[in-house]
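Encoded as structure tokens, the structure appears first; notes follow it.
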Amino acid sequence: MVHFTSEEKAAITNVWSKINVEEAGGEALSRLLVVYPWTQRFFDNFGNLSSSSAIMGNPKVKAHGKKVLTSFGDAIKNMDNLKGTFAKLSELHCDKLHVDPENFKLLGNVLVIILASHFGKEFTSDVQAAWQKLVAGVANALAHKYH
Amino acid sequence: MVHFTAEEKAAVASLWAKVNVDVAGGEILGRLLVVYPWTQRFFDNFGNLSSETAIMGNPKVKAHGKKVLTSFGNAVKHMDDLKGTFSQLSELHCDRLHVDPENFKLLGNMILIVLATQFGREFTPQMQAAWQKLTTAVANALTFKYH
């Protein structure tokens with residue numbers, strides 16, 4: 001089980017409290033679809049994903065991005081029990097959505113990059129390390145129920 | 001062989017022109033050592049790497065970071081022949097330095113994150129995609145001579 005120190009938790013929650021989940025969620029999912037275009041295959045019914053502007057402006061992408069990042073907020077409230085928190089979502093992503101768990105790491109990377117671009121110098125290496133640990137923990141938790 | 005479009009090359013070059021290689025190099029290598037602590041094993045003779053502050057302030061880290069990022073500048077100048085450009089460095093990293101090539105991807109991630117902190121909104125998804133493609137290709141080129 002991943003253990004977060006109190007400094008790591010503080011660094012994470014401090015950044016999280018300043019995030020606009022709606023905006024950041026849309027940006028995270030859009031960047032995933034632009035930077036790793038094969039991920040678009042999971043969103044066939046999202047309409048126009050034909051260019052990066054289309055993706056960044058697509059309302060379904062924004063809405064789903066917000067949903068995904070809101071769910072990520074659960075991770076932050078339950079850092080000591082990520083596997084339990086994401087058990088059902090893990091089953092869903094395996095059994096129904098058929099998502100290769102490698103993609104969870106890619107989304108984690110994209111999220112870290114968005115935080116870096118939003119927070120600049122404030123996103124120090126310590127803060128980055130805490131967030132990388134969290135996104136890796138979430139990716140592992142989401143992969144945990146795969147069979 | 002990786003092919004970069006004219007837009008991708010322009011995106012990479014425009015950002016690269018504004019990078020302070022001295023400062024960014026040290027930041028990138030420092031973050032690698034902080035966020036992925038096992039990488040410290042390659043830098044035994046660098047002195048004090050005992051804390052985030054020590055690492056980010058360590059003069060050997062800064063100097064070597066500058067060297068690494070300067071070398072990366074060759075990638076930007078030779079985007080059409082990365083394997084040729086990094087052939088000797090690839091042999092060096094395999095035969096003499098014994099670096100697991102997975103670490104090249106980690107360094108690539110750090111480059112993106114430092115660019116994101118430095119350029120904020122200017123580090124658009126298209127920019128990220130172009131730079132992601134470049135860092136992945138450099139990682140592959142550095143791995144190419146491994147045996």
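Sequence lines, in order, name chains A and B.
For what it's worth, UniProt numbering labels the leading residue of the first sequence as 1, then goes sequentially.
For what it's worth, UniProt numbering labels the leading residue of the second sequence as 1, then goes sequentially.
Idealized CB from N, CA, C, for every residue including glycine.
Any C-beta of chain B sitting closer than 9 angstroms to the C-beta of residue i?
i, result
"H3(A)", "no"
"V61(A)", "no"
"D126(A)", "yes"
"S56(A)", "Before going on, a small fix: residue 56(A) reads as Met here, not Ser. Answer yes: the Cβ-Cβ gap between M56(A) and chain B drops below 9 angstroms somewhere."
"H64(A)", "no"
"F86(A)", "no"
"H98(A)", "no"
"G120(A)", "yes"
"S6(A)", "no"
"Q40(A)", "no"
"N103(A)", "no"
"E123(A)", "A quick correction: the sequence has Phe, not Glu, at residue 123(A). Interface residue, yes."
"N140(A)", "no"
"V34(A)", "yes"
Report, in whole angstroms, the separation of the C-beta atoms of residue i and residue j, which I expect to be a contact under 8 angstroms.
i, j, result
"F46(A)", "K60(A)", "4 angstroms"
"S117(A)", "A116(B)", "4 angstroms"
"Q132(A)", "V35(B)", "5 angstroms"
"K62(B)", "G108(B)", "No, K62(B) and G108(B) are not in contact; Cβ-Cβ is about 20 angstroms, not under 8 angstroms."
"T70(A)", "G25(A)", "7 angstroms"
"Q126(B)", "V34(A)", "7 angstroms"
"V138(A)", "A75(A)", "5 angstroms"
"A141(B)", "K83(B)", "5 angstroms"
By DSSP, does residue i sit in helix, in strand, or in coil?
i, result
"H98(B)", "coil"
"T143(B)", "helix"
"P59(A)", "helix"
"G47(B)", "coil"
"D81(B)", "coil"
"N81(A)", "coil"
"T39(A)", "helix"
"F86(A)", "coil"
"M1(A)", "coil"
"V99(A)", "coil"
"F123(B)", "coil"
"A19(B)", "The sequence given here has Val at residue 19(B), not Ala. Coil."
"M1(B)", "coil"
"S52(A)", "helix"
Looking at chain A, is there any beta carbon in it that lies within less than 9 angstroms of the beta carbon of residue i?
i, result
"L49(B)", "no"
"M1(B)", "no"
"Q40(B)", "no"
"L112(B)", "yes"
"A24(B)", "no"
"R96(B)", "no"
"M79(B)", "no"
"A63(B)", "no"
"P101(B)", "no"
"P125(B)", "yes"
"G120(B)", "yes"
"A54(B)", "no"
"E8(B)", "no"
"V21(B)", "no"
Which stretch, first to last residue, makes up the alpha helix (DSSP H) that contains residue i?
i, result
"W38(B)", "Run containing W38(B): none; DSSP gives neither H nor E here."
"K77(B)", "P59 to K77"
"I114(A)", "E102 to F119"
"Q132(A)", "S125 to A143"
"W16(B)", "A6 to W16"
"S90(B)", "S87 to E91"
"E27(A)", "V21 to V35"
"T13(A)", "S6 to W16"
Regarding residue i and the ligand ZN, is the C-beta to nearest heavy atom distance less than 8 angstroms?
i, result
"F86(B)", "Questions concerning the ligand ZN fall outside what the structure shown contains, since it holds no ligand whatsoever."
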